[in-house]
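Colleague: If you want the numbering used here, it's the 1-based position in the sequence shown plus 228. No residue lacks a Cβ here, since even glycine has one placed at the ideal position from N, Cα and C. Please read all numbers here as calculations on a predicted model, not as lab measurements. My questions will all concern the structure given below.
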Amino acid sequence: MRKNVAYFIGIGGAGMSSIARYLNKKGWSVSGYDKTETPLTDQLKQEGININFEIVDSSIPEEIKKVDLLLVTTPAISSDHPHLVALKKLGHNAIKRAELLGEITKSKATLAISGTHGKTSTTALLAHIIDGTPQRCNAFIGGISAEIDSNLYYSPNAIWNIVEADEFDRSFHHLHPTHAVITSLDPDHLDVYGSEPNFIEAFKIFASQVKEKVVIHHSIATTFNNLQNIETYGLEDCSFTHYATDLSQTSSGTSFTLSLGNGKMVIPHARVDLMGKHNLENIVAAAALAYLAGADKGIISSRINSFKGIYRRFQIHLNSKFKVYIDDYAHHPTELRKTIEAVRTHFPGKHLTVIFQPHLYSRTLDQIDGFVHELRKTDRLFLLPIYAARENPIPGFNTQSLFEKISHPHGKTSTKNSILDNLKAHPVEILLTVGAGDISLIVPKLKKWITMKA
Numbered sequence: 229m230r231k232n233v234a235y236f237i238g239i240g241g242a243g244m245s246s247i248a249r250y251l252n253k254k255g256w257s258v259s260g261y262d263k264t265e266t267p268l269t270d271q272l273k274q275e276g277i278n279i280n281f282e283i284v285d286s287s288i289p290e291e292i293k294k295v296d297l298l299l300v301t302t303p304a305i306s307s308d309h310p311h312l313v314a315l316k317k318l319g320h321n322a323i324k325r326a327e328l329l330g331e332i333t334k335s336k337a338t339l340a341i342s343g344t345h346g347k348t349s350t351t352a353l354l355a356h357i358i359d360g361t362p363q364r365c366n367a368f369i370g371g372i373s374a375e376i377d378s379n380l381y382y383s384p385n386a387i388w389n390i391v392e393a394d395e396f397d398r399s400f401h402h403l404h405p406t407h408a409v410i411t412s413l414d415p416d417h418l419d420v421y422g423s424e425p426n427f428i429e430a431f432k433i434f435a436s437q438v439k440e441k442v443v444i445h446h447s448i449a450t451t452f453n454n455l456q457n458i459e460t461y462g463l464e465d466c467s468f469t470h471y472a473t474d475l476s477q478t479s480s481g482t483s484f485t486l487s488l489g490n491g492k493m494v495i496p497h498a499r500v501d502l503m504g505k506h507n508l509e510n511i512v513a514a515a516a517l518a519y520l521a522g523a524d525k526g527i528i529s530s531r532i533n534s535f536k537g538i539y540r541r542f543q544i545h546l547n548s549k550f551k552v553y554i555d556d557y558a559h560h561p562t563e564l565r566k567t568i569e570a571v572r573t574h575f576p577g578k579h580l581t582v583i584f585q586p587h588l589y590s591r592t593l594d595q596i597d598g599f600v601h602e603l604r605k606t607d608r609l610f611l612l613p614i615y616a617a618r619e620n621p622i623p624g625f626n627t628q629s630l631f632e633k634i635s636h637p638h639g640k641t642s643t644k645n646s647i648l649d650n651l652k653a654h655p656v657e658i659l660l661t662v663g664a665g666d667i668s669l670i671v672p673k674l675k676k677w678i679t680m681k682a
């Protein structure tokens, strides 16, 4: 019988750490390995989770080797990882993070958010709303919510689970939610799926596993015409099931009127300190699931208004009269387009300097035309080396390949170490850092520099 002991290989990842925190809250003995110390792993250690950073198998705690262990891994961990090999030799069977999340959520009503873009922001807002209801929630978020400085909402008596339904490695096929959102279907992870039709088919399978309502962005709703339980959402069109109208976007946020359930619930004069139509669409999606979960009008309205956002999702570090600094997780051409559009809408006429770190060699190559098109819209561009993450480099292809194709008249390649010197050579009005890799490590230094210049 399992002794409630868990070991996570890759515990510092957003998805892994939220589950580790959940088990820790449930009274499990939790430990794990990660290759890099980060503020997140520091937090986990402060919460009582033991983490080692040595890849040699001798760093595995002796006390976990002989117990009935829950061994958790992710597709990013190779099959020859020393910790995985050593623990398997001792008779421990590994379970993927996605499988474990499916096991955790199957016994409780679940709200799931899927799609190529917007999952984390939508999940975080939905968790913030439902946490304000008497029913509360357990929510597993793929990023750090500014509300709670964590990626886990936890309540021992929660009625609802809220999860990010990740399409990578078909992870979301382990979920069977009560209600779900599908935000977008822009092809991604083609290293896994092989083709766009395979990618879309995976979402169709996920949608077929939803027990009740599937709330789908209006632009992709026809893809799921075979389902009977579809509702739609979007902006400025009263034919959608859930929508926002009367939009007003300024340099401090957005106000709007929110209509849910074909007009059965209307929230006038709603306001949020977030920017961009893509964020407003995320708000409509989150509010739609909250409505389906039974949240009342007052709670939905007040919690939207008080939402502080999520780290690295259009996070504004400085917003002064002369200088603006925004950091965002955008790592797909569509996300870049929406992020740049949001900056142009809320700060019209301002000079935009962008620092972009491509994420994955395969994604950069697969989507190169899209990246070229969007990055040409910047006024000044700095490209950092491609962040490989789980991949090996593609021979003959690198950041220079992308840079040459963009042919930006005010572009330059840079490293994280030299980026500040490169920035100092030019006046900066609006600075935008974007990417899903370790570009976050230079954000504090950039924030300090631009704040001093403001």
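Does the stretch 537-547 come close enough to the stretch 588-608 to have 3 or more Cβ pairs within less than 8 Å?
Modeller: Taking 8 Å as the limit for Cβ pairs, the verdict is that the stretch 588-608 does not touch the stretch 537-547.
Colleague: What do you reckon, are the CB atoms on L339 and I372 nearer than 9 Å?
Modeller: No, the pair does not count as a contact, with Cβ atoms beyond the cut-off.
Colleague: Using DSSP's beta-bridge definition, name the partner residues of H470.
Modeller: Looking at the DSSP assignment, H470 forms a beta bridge with Y461.
Colleague: Out of L648, K336, Y519, G238, which has the shortest C-alpha to C-alpha gap to A322?
Modeller: Comparing Cα-Cα distances from A322 to each of L648, K336, Y519, G238, the minimum goes to G238.
Colleague: What span of residues does the alpha helix (DSSP H) with K676 cover, start to end?
Modeller: Residues 671-681.
Colleague: Alpha carbon to alpha carbon, what distance is there between G243 and A234?
Modeller: Answer to the nearest angstrom: the Cα atoms are 15 Å apart.
Colleague: Could you tell me if A653 is buried or exposed, where buried requires 16 or more neighbouring beta carbons within 10 angstroms of its beta carbon?
Modeller: When all chains shown are included, A653 counts as exposed.
Colleague: Quick one: any contact between the stretch 352-362 and the stretch 422-435, if contact means 3 or more CB pairs under 8 Å?
Modeller: Contact fails: fewer than three Cβ-Cβ distances are below 8 Å.
Colleague: Hey, how far is the Cα of H445 from the Cα of E563?
Modeller: Using only the alpha carbons, I get a separation of about 15 Å.
Colleague: Is the Cβ-Cβ distance between I538 and A352 less than 9 Å?
Modeller: Yes, the Cβ-Cβ distance between I538 and A352 is below 9 Å.
Colleague: So what does DSSP say about S668, is it helix, strand or coil?
Modeller: Correct three-state label for S668: helix.
Colleague: Tell me the start and end of each unbroken beta strand (DSSP E) in the stretch 542-621 that is at least 3 residues and wholly inside, in chain order.
Modeller: 543-547, 552-556, 580-584, 608-611, all fully within the stretch 542-621.
Colleague: Assuming E392 and L463 form a contact by the criterion Cβ under 8 Å, report the distance between their Cβ atoms to the nearest whole angstrom.
Modeller: In fact, because the Cβ distance is near 23 Å, the residues do not count as touching under 8 Å.
Colleague: For L475 versus S467, is the C-beta distance shorter than 9 Å?
Modeller: No, the pair does not count as a contact, with Cβ atoms beyond the cut-off.
Colleague: So who's on the other strand from N280, going by DSSP bridges?
Modeller: Note: N280 sits in a beta bridge opposite Y261.
Colleague: Buried or exposed for M503, going by 16 or more other Cβ atoms inside 10 Å?
Modeller: Buried.
Colleague: For the beta strand (DSSP E) containing K324, list its first residue and its last residue.
Modeller: It spans 322-324 - the beta strand (DSSP E) in which K324 sits, taken as one unbroken run.
Colleague: Does DSSP put R364 in a helix, a strand or coil?
Modeller: The answer is coil: DSSP assigns R364 none of H, G, I, E or B.
Colleague: Following the continuous alpha helix (DSSP H) through N430, name the residue where it begins and the one where it ends.
Modeller: Correcting the residue identity first, residue 430 is Ala in this sequence and not Asn. Looking at the DSSP string, the run of the alpha helix (DSSP H) that includes A430 is 424-436.
Colleague: Do the CB positions of Y589 and N620 come within less than 9 Å of each other?
Modeller: Cβ distance < 9 Å, so Y589 and N620 count as in contact.
Colleague: If distances are taken between C-alpha atoms only, which option among E395, I667, K441, T264 comes closest to H559?
Modeller: Of E395, I667, K441, T264, the residue nearest in Cα terms is I667.
Colleague: Looking only at DSSP bridge pairs, what is F236 linked to?
Modeller: Bridge partners of F236: G260, V300.
Colleague: If you count every other CB in all the chains shown that lies within 10 Å of the CB of M229, and 16 or more means buried, which is it?
Modeller: With a pLDDT of 32 at M229, under the threshold of 50, the modelled position of that residue is not reliable, and the figure given next carries that caveat. M229 should be labelled exposed.
Colleague: Determine the direct distance from the alpha carbon of Q456 to that of K492, and round the result to whole angstroms.
Modeller: Between K492 and Q456, the C-alpha separation is close to 20 Å.
Colleague: Could you compute how far the alpha carbon of S246 sits from the alpha carbon of Q274?
Modeller: S246 and Q274: Cα-Cα distance of roughly 14 Å.
Colleague: In angstroms with no decimal places, state the Cα-to-Cα distance between T485 and V552.
Modeller: Their Cα atoms are separated by approximately 28 Å.
Colleague: Determine the DSSP secondary structure at F396, reduced to helix, strand or coil.
Modeller: Of the three classes helix, strand and coil, the one that applies to F396 here is helix, per DSSP.
Colleague: For P665, does the count of other Cβ atoms within 10 angstroms reach 16, so buried, or fall short, so exposed?
Modeller: The identity of residue 665 in the sequence shown is Gly, whereas the question assumes Pro. Label assigned to G665: buried.
Colleague: Relative to the alpha-carbon of K253, which residue among L298, I305, L380 has its alpha-carbon at the smallest distance?
Modeller: For the residues L298, I305, L380, the minimum Cα distance to K253 belongs to L380.
Colleague: Between the stretch 276-287 and the stretch 247-266, do at least 3 Cβ pairs fall closer than 8 Å?
Modeller: Yes, since at least three Cβ pairs between the stretch 276-287 and the stretch 247-266 fall closer than 8 Å, the two stretches touch.
Colleague: For L418, which three-state DSSP category applies?
Modeller: Looking at L418 - three-state DSSP - the assignment turns out to be helix.
Colleague: So, with DSSP's three-state summary, where would you put P384?
Modeller: DSSP places P384 in coil when its eight states are reduced to three.
Colleague: Mapping the DSSP letters down to three states, classify I410 as helix, strand or coil.
Modeller: If DSSP states are grouped into helix, strand and coil, I410 belongs with the strands.
Colleague: Report back the beta-carbon spacing between I658 and T581 to the nearest angstrom; my notes put them in contact at under 8 Å.
Modeller: With 8 Å as the limit, I658 and T581 qualify as a contact, their Cβ atoms being about 7 Å apart.
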